[in-house]
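Visitor:
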Amino acid sequence: MDVCVHFPVVREIGGKMTHLLRVDARENRDRVLAAARELFAESGLEVTMRQVARRAGVGPATLYRRFPTKHDLVLEAFEHELAECSSIVYDGAADPDPWRGFCFVVERTLLLNARNQGFTDAFMSAHPDVVDFAAHREQLGRTVTTIIRRAQAAGRLRPDFVFDDFAVILLAGRGLTAAPASTRDAAVRRFAGFTIDGLRAAATEADIRSGNGRSPS
Numbered sequence: 001m002d003v004c005v006h007f008p009v010v011r012e013i014g015g016k017m018t019h020l021l022r023v024d025a026r027e028n029r030d031r032v033l034a035a036a037r038e039l040f041a042e043s044g045l046e047v048t049m050r051q052v053a054r055r056a057g058v059g060p061a062t063l064y065r066r067f068p069t070k071h072d073l074v075l076e077a078f079e080h081e082l083a084e085c086s087s088i089v090y091d092g093a094a095d096p097d098p099w100r101g102f103c104f105v106v107e108r109t110l111l112l113n114a115r116n117q118g119f120t121d122a123f124m125s126a127h128p129d130v131v132d133f134a135a136h137r138e139q140l141g142r143t144v145t146t147i148i149r150r151a152q153a154a155g156r157l158r159p160d161f162v163f164d165d166f167a168v169i170l171l172a173g174r175g176l177t178a179a180p181a182s183t184r185d186a187a188v189r190r191f192a193g194f195t196i197d198g199l200r201a202a203a204t205e206a207d208i209r210s211g212n213g214r215s216p217s
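Here full-length UniProt numbering is used: the first residue of the sequence shown is 1, the next is one more, and so on.
(1) For R189, which residues does DSSP report across the bridge?
(2) Where E107 and S43 are concerned, what is the direct C-alpha to C-alpha distance, given to the nearest angstrom?
(3) Less than 7 angstroms separating the Cβ of E76 from some heavy atom of the ligand GTP?
(4) To the nearest angstrom, how far is it from the Cα of V74 to the Cα of Y64?
(5) Determine the direct distance from the alpha carbon of A83 to that of L21, and round the result to whole angstroms.
(6) Among the residues of its own chain, which have a CB less than 7 angstroms from the CB of R50, if the five just before and after it don't count?
(7) By the 10 Å Cβ neighbour count, where 16 or more other Cβ atoms means buried, how is P98 classified, buried or exposed?
(8) Using beta-carbon positions only, say whether V144 and V89 come within less than 8 angstroms of one another.
(9) Rounded to the nearest angstrom, how far is the Cβ of residue 231 from that of R37, given a contact under 8 angstroms?
(10) Which same chain residues end up closer than 8 angstroms to V52 when comparing Cβ atoms and leaving out the 5 residues on each side of it in sequence?
(11) Please give me, in chain order, every unbroken run of the alpha helix (DSSP H) with length at least 4 that falls completely inside the segment 70-116.
(12) In terms of residues, what are the limits of the alpha helix (DSSP H) holding A56?
(13) Starting from the C-beta of L110, find all residues in its chain whose C-beta is less than 6 angstroms away, skip the five residues before and the five after it, and write them out in chain order.
(14) Use the C-beta contact count for G175: other C-beta atoms within 10 angstroms, 16 or more gives buried, fewer gives exposed.
(15) Is it buried or exposed for L140, if we count other Cβ within 10 angstroms and need 16 for buried?
(16) For R156, which of helix, strand or coil comes out of DSSP?
(17) Just to confirm, is the Cβ distance from I169 to G101 under 8 angstroms?
(18) Find out if the Cβ-Cβ distance for the pair A202, G155 is shorter than 8 angstroms.
(19) Where A29 and R66 are concerned, what is the direct C-alpha to C-alpha distance, given to the nearest angstrom?
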């Protein structure tokens, strides 16, 4: 009888323990993937599993339990890279303010590329056929084009800007991958700010006369 009374309590404690273990496992996995992306970007795919474990602050056994082979780790780290890129574009598209959404995509994509371009280049060189990167780029390209057109329709983005110009901006930003990590993000944001300033639609003479010239934001 006493066992029956306390059994629900035991189940509740067991459920909480299972939940905590799952949270801990997820956090370990996230740390491993973040560490792997950083190291692959810094040093290429020759980074060892032991180096990843050390950077992530987990033991080798934990690392291999989550990722039995280095190939598994490299592939999932790159998939996370693509997912983060997609998230930036879709978040920008979801912004009700078209210009703000456009600026968000420009700055955040430049930041992502500056931090992890080395990893992307190394992965595509070593595994050119593992991920359909062309399809990923085409899908996001359509969404970015929609963002561009919305910002132009709102009168905020210069009307001659096209998706190929967005690609040129990203290519120009690749030079910032060589900047020291301590100053890189600030340099990218400065570059993004100058770039965005040059892409604003000019206020028309009618706007100026009426006092409705566009604000700098």
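All C-beta atoms, glycine included, are put in the ideal place defined by N, C-alpha and C.
Guide: Looking at the coordinates:
(1) The partner list for R189 (beta bridge, DSSP) is empty, contrary to what the question assumes.
(2) Across the structure, E107 and S43 are spaced so that their CA atoms are roughly 24 angstroms apart.
(3) This structure lacks the ligand GTP; in fact it carries no ligand of any kind.
(4) Here the C-alpha atom of V74 lies approximately 13 angstroms from the C-alpha atom of Y64.
(5) At L21 the pLDDT is 48, less than 50, meaning the model places this residue with poor confidence; the figure from the coordinates comes in the next sentence. Taking the straight line joining both Cα atoms gives about 25 angstroms.
(6) These residues qualify, in order along the chain: P60.
(7) It counts as buried.
(8) Going by C-beta atoms, V144 is nearer than 8 angstroms to V89.
(9) Since the first residue shown for the chain is 1 and the last is 217, residue 231 is missing from the structure and cannot be characterised.
(10) If we look at V52 and ignore the five residues flanking it on each side, its Cβ neighbours are V32, A35, A36, L39, L63 and L73.
(11) Entirely contained in the segment 70-116, the alpha helix (DSSP H) runs reaching 4 residues are, in chain order, 70-94.
(12) Boundaries of the alpha helix (DSSP H) around A56: M49 to A56.
(13) Closer than 6 angstroms at Cβ, skipping near neighbours: G173, V188 and A192.
(14) Around the beta carbon of G175, a 10 Å sphere encloses fewer than 16 other beta carbons of the protein chains shown; the residue is thus reported as exposed.
(15) L140 should be labelled buried.
(16) Coil at R156, not helix or strand.
(17) Going by C-beta atoms, I169 is not nearer than 8 angstroms to G101.
(18) 8 angstroms or more divides the Cβ of A202 from the Cβ of G155.
(19) Reading off the sequence, residue 29 comes out as Arg, not Ala. So the two alpha carbons sit approximately 7 angstroms from each other.
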